Structures are given as C-alpha cells and as structure tokens.
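Q:
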Amino acid sequence: EDQEQEAKYADFPFDQDVFDRGDNDVNGGNDDPYGRPGNAGQQEEDIFQFQEPALSPSSRDYFNYSDPVEDGEICPLAVRKVIQIMRYFSRVLSAMEPLAQQSGLVDALLYHMTKKPRSADYEEEVSSRVDAIAVVVNLACAEENKIMLVYHPGLLDAVINIANHDPIDEAREHAAIVLMNLAYAEENKVHMVNQDHLLDTLVHLLSDVSPFTRRYASAALFTLACTYANTAVMARHCDGGILEALRKVLLNDPIDEARVNAAEALFNMARNNSDDTVENMGNHPRLLASLAHSVLTDYSADVRAYSARALEWLSADIHHPMPCHRILLKALTTSSQWTKTTCIAEALKMQASLGENRRSMVEHPGLLDALATLSLLDGVTDDEVKTCAISALERLSKETTTRHIMVKSEGVMTALTKATFAEDGADDDAPEEGTPNALLMKNALKNLAEHM
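All letters in the sequence shown, in the order written, are residues 67 to 518 by the numbering used here.
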C-alpha cells in the first residue's frame, strides 16, 4: 500500500545542473558555499584544530535571497509536497503520537481542510485538502490521539462539514474514516453522539455514492451503539432516521461489509437497550420484518447471524400486550428456518417461558408448525435447536386456555409422539436444564391428554 501511495505523487523537483556546474559555478570553482574569496589551493583545513566561529552570512550573501515570511509569499508547491510527506509518514505507528502532539500541526491541517480553493489552483488545493484529512485519518488510528483529536477545537466540525458537503468522493470517504476511528475510543462515544449534526451526518453518509464511505459510516454507527447510554438517543433520533437508514443498508446495499455493519449496529442497539430503545425498534415500520428477511435470504453468514441475534435480544424484552409483540412473533415464525445457530429457537423458547405470551404464540398463524418442524430436526448439528423447540412446545402446553388448539395441530402431535417414543434414545443425550427431551414431551402430552 505504501508503494502504491508513494507512486501517486510526483517526485520532488530536482535540478541536476546545480550539481554539474563545473567551470560555470557561480562561485568560480570556490568551495565556499557563500562565495567568499577562495581557499582553492590552500592546505586542507585541520578539523581537529579549534577555529573561531565564522560570522553568520547576511541576507546579501545569498543569491536572490527573499524571506517568504517577510515578503508575505509562500511556495504552493512546497506546501503541497510537505502535506504529502506528512501523509506518508503519518502512517508509521511510532510517529503518529509525536506528530499529533507537535505544536500547531493539527491547526495547520485544519487550515487546509477548511480552506476554500482558488480557481487558479483548484486541483492542487483540492489535492492538499484530501491529503490533509488523510493525515488526520492516520493520526486518529493511534489510541493516544483519539481523545485529543475529538476535543481539538474545530476539528470535529470540520470533518462533519467535509462529510456533508465536500464534492470529492475521497474527501468524504476520509471524513467517514476519521469519525469511525474516533468512535472506537470508549471515552469518545457519548461525546460524539451528542455532538451537533454528527448522527445526521452518519445517516447522510449511509446513502453516499461511494461504497467505502457507506461501509465506514455504518461501522461508526455500530461502534457508537456499543454503549448503553447511546442506544436510546440513536433509536429515537429524527423519529427513527438511523433505524430506517440501517434497515435500508441491511436490505439493499450491494457491499457485504456495509450490510454486516448495519446488522451489527442493530444487534448492538438491541443488546444495549433500554425500554425506550426496545419500543422504538419494535415499533419501527418493517424493521423486525427486515431482520427476519435478512436471516433467511442474505448470502453473508455474518449478516444472517447478527440479524438473528438482534431478534433474539429483542425477544427478551418484547412481550404481550406490547403493540409490537405480534410483529415480533411474525418475524420469529418467518426466520425459524434458520438453524445454523440457536438464536431463533432460543428466542421462541424465551417467549414461551412467560405465561402472558403463550396464548398469543399458540394463536399466531404458523408458529406451532414452525416449532414442530424444529422439533423434528435430525441433523448432526441440530441437537441444540431441536432441544429449544421441544422445550418451547412443553412450556406452551402449560397454558390451559390454548390446549385445544395445540391438540388439533398435526405437526405438534407428530413431533410430540415421535420424540416421546423414539427408539434410538438419542434425545436422552440432549438435556434441557438436566431434563431429557423425551421427558419434556411426555409432560407436554400429559398436559394435552384431556383435550385429545
């Protein structure tokens, strides 16, 4: 990568004639760099002998000397080259902290990040702006710099402004990386979420034309959602604007990593939830259905796993008679075909553990058939999923008001009888809290017997 980056930049101007002047040297062959009267032919100086220090040359001793500070002039080429050098060296881990701590450096980078380009040097100044924010990207990689940078006056505002308004794709991409890198520091998470326009900016970046920008913005969101204090703020932000943006990325983004990040962000919000977070996520239009859809259809295993885990965590907090409980049951029924992990089966078992949920579960279309199907699994890796489903059926059978419905379910009765009278005894090796599956099914049949 360093070689590729180095190849992007032109070499520094180099004038070979300066070193090949020969007889045409401005000093007439004199070895003295300031053109003082010659020492040619004199005996070589003994460097071990003490010499009186020579006076510093005055400005008139230089050829065409001018002080750029005094004259108010700078060399744009030199500035661009210095920023490019900074971009290169700021990648070195051992140099990141010293560079960031150098007095005035961050302010100088800020100047070039916010400087309005002149029409005469537009391309060059745009390149300097991109290089300047790229240096900040590198500096923000060091843990020692993250807190200092996020609190540096004007830096976060400048990054947010570039992310929202810069017409250059690479500049917006770098801005998204800066936000992501700074969000990784635990001390920064709450401060950043409460920063004006930062969440709006990340939502905006989730629909950016650059796939890299979308990937980094979604990563910043899942990182910020790792903190309990942030999830409620994020879930209700702009009436669910973050939830909707993540939902769209989860379903539609062609970039795998962006979808994985969106699924992980939703999982983190579900895991680090408050009552407010659960209510906002559960009631958000089509969010639970989108998670269930991703569990079944996404070709990324990570997207499916995070989506399933998000539904599992929400199942621990969404119960009857919450308005979104019915939507959750539909999502769990739809995604019950996912058996690579126990997330969905565990969610169904968890729901059946509470008496207030059981009637809604039994009466929900397709849910009993889904549990029956899971109870009949016989794959080598299906034991844990199967145990969860059998346990859920046994717990549902404890609800007296719905036993007549369970008895009429062909799938449930098939699963109960097959598990109870299995001859191979394989179920005895898959205990549920110390109780074999066969015994669970016998208890369920006993509960349902009077309605048969």
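Beta carbons are placed, not taken as given, at the ideal position from N, Cα and C, and that holds for glycine.
All of these numbers come straight from a predicted model, not from anything done at the bench.
1. Report yes or no: do three or more beta-carbon pairs, one from the segment 321-329 and one from the segment 338-349, lie closer than 8 Å?
2. How is W404 classed by DSSP in three states: helix, strand or coil?
3. So V428 and L462 are supposed to be a Cβ contact under 8 Å. How far apart are they, rounded?
4. Would you mind sorting E460 into buried or exposed? The rule is 16 or more other CB atoms within 10 Å of its CB.
5. Taking the alpha helix (DSSP H) that E310 belongs to, which residues open and close that run?
6. Tell me which same chain residues have a C-beta within less than 7 Å of the C-beta of A190, skipping the five on either side of it?
7. Please classify D494 as buried or exposed, where buried requires at least 16 other C-beta atoms within 10 Å of its C-beta.
8. Am I right that A413 and L437 are in contact with their C-beta atoms under 8 Å? What's the rounded C-beta distance?
9. Measure how close the beta-carbons of S360 and A331 come, nearest whole angstrom, since I'm counting them as under 8 Å.
10. Can you look up D97 in the DSSP assignment and give me helix, strand or coil?
11. Around the Cβ of H350, are there at least 16 other Cβ atoms within 10 angstroms (buried) or fewer (exposed)?
12. Where does H218 sit, in a helix, a strand or coil, going by DSSP?
13. Taking just the CA atoms, how far does I151 sit from N105?
14. Assuming contact is defined by CB atoms lying nearer than 9 Å, are L362 and T400 in contact in what I supplied?
15. Apart from the five residues on each side of it in sequence, which residues of its chain come closer than 7 Å, Cβ to Cβ, to L434?
16. Might you give, ordered along the chain, the residues of its own chain that have their beta carbon closer than 6 Å to the beta carbon of H303, omitting 5 neighbours on each side?
17. Using beta-carbon positions only, say whether A200 and H240 come within less than 9 Å of one another.
18. Hey, N44 and K212 are a contact pair by Cβ (cut 8 Å); roughly how many whole angstroms apart?
19. Would you grab the beta carbon distance between H178 and S193 for me? Rounded to a whole angstrom, and I think it's under 8 Å.
20. Indicate the three-state DSSP secondary structure (helix, strand or coil) for M479 in the structure shown.
21. Give me the Cα-Cα distance between D133 and S160, rounded to the nearest whole angstrom.
22. For the ligand MN, is there any heavy atom lying closer than 8 Å to the beta carbon of G306?
23. Between the alpha carbons of I308 and M335, how many angstroms are there, rounded?
24. When the Cα atoms are used, what is the spatial distance from H517 to V256?
25. With L354 and I393 assumed to form a contact (beta carbons below 8 Å), what rounded beta-carbon distance in angstroms separates them?
26. Return the CA-CA distance between Y365 and Y250, expressed in angstroms with no decimal places.
A: Once the coordinates are examined:
1. no
2. Reduced to three states, the DSSP call for W404 is coil.
3. 6 Å
4. buried
5. 307-318
6. Per the sequence shown, the amino acid found at residue 190 is Glu instead of Ala. Hits under 7 Å: P142, R146.
7. Residue placement at D494 is poorly supported in this model, since its pLDDT is 46, which falls under 50; the coordinates are not used for a value here.
8. Between L437 and A413 the Cβ distance is about 12 Å, and since that is not below 8 Å, they are no contact.
9. Their Cβ separation, rounded to whole angstroms, is 13 Å, which puts S360 and A331 out of contact at 8 Å.
10. Note that D97 scores a pLDDT of 47, beneath 50, so its modelled location is shaky; the value from the coordinates is reported in the next line. DSSP places D97 in coil when its eight states are reduced to three.
11. buried
12. coil
13. Reliability of the predicted coordinates at N105 is poor, the pLDDT of 49 falling under 50, and no value is obtained from them.
14. yes
15. V428, M472, S475, G477, V478
16. L265
17. Yes, the pair counts as a contact, with Cβ atoms nearer than the cut-off.
18. In the structure displayed, the chain extends from 67 to 518; residue 44 sits before or after that span and is not available.
19. With a beta-carbon spacing of about 10 Å, H178 and S193 fall beyond the 8 Å limit used to define contacts.
20. helix
21. Because D133 sits at a pLDDT of 42, beneath the cut-off of 50, its placement in the model cannot be relied upon, and the following sentence gives the value as read from the coordinates. Between D133 and S160, the C-alpha separation is close to 34 Å.
22. As presented, the structure is devoid of all ligands, the ligand MN included, so that no description of it is given.
23. When rounded, the distance between both Cα atoms is 11 Å.
24. Cα to Cα, H517 sits roughly 56 Å from V256.
25. The C-beta distance from L354 to I393 rounds to 5 Å, short enough to fall under 8 Å.
26. C-alpha separation (whole angstroms): 28 Å.
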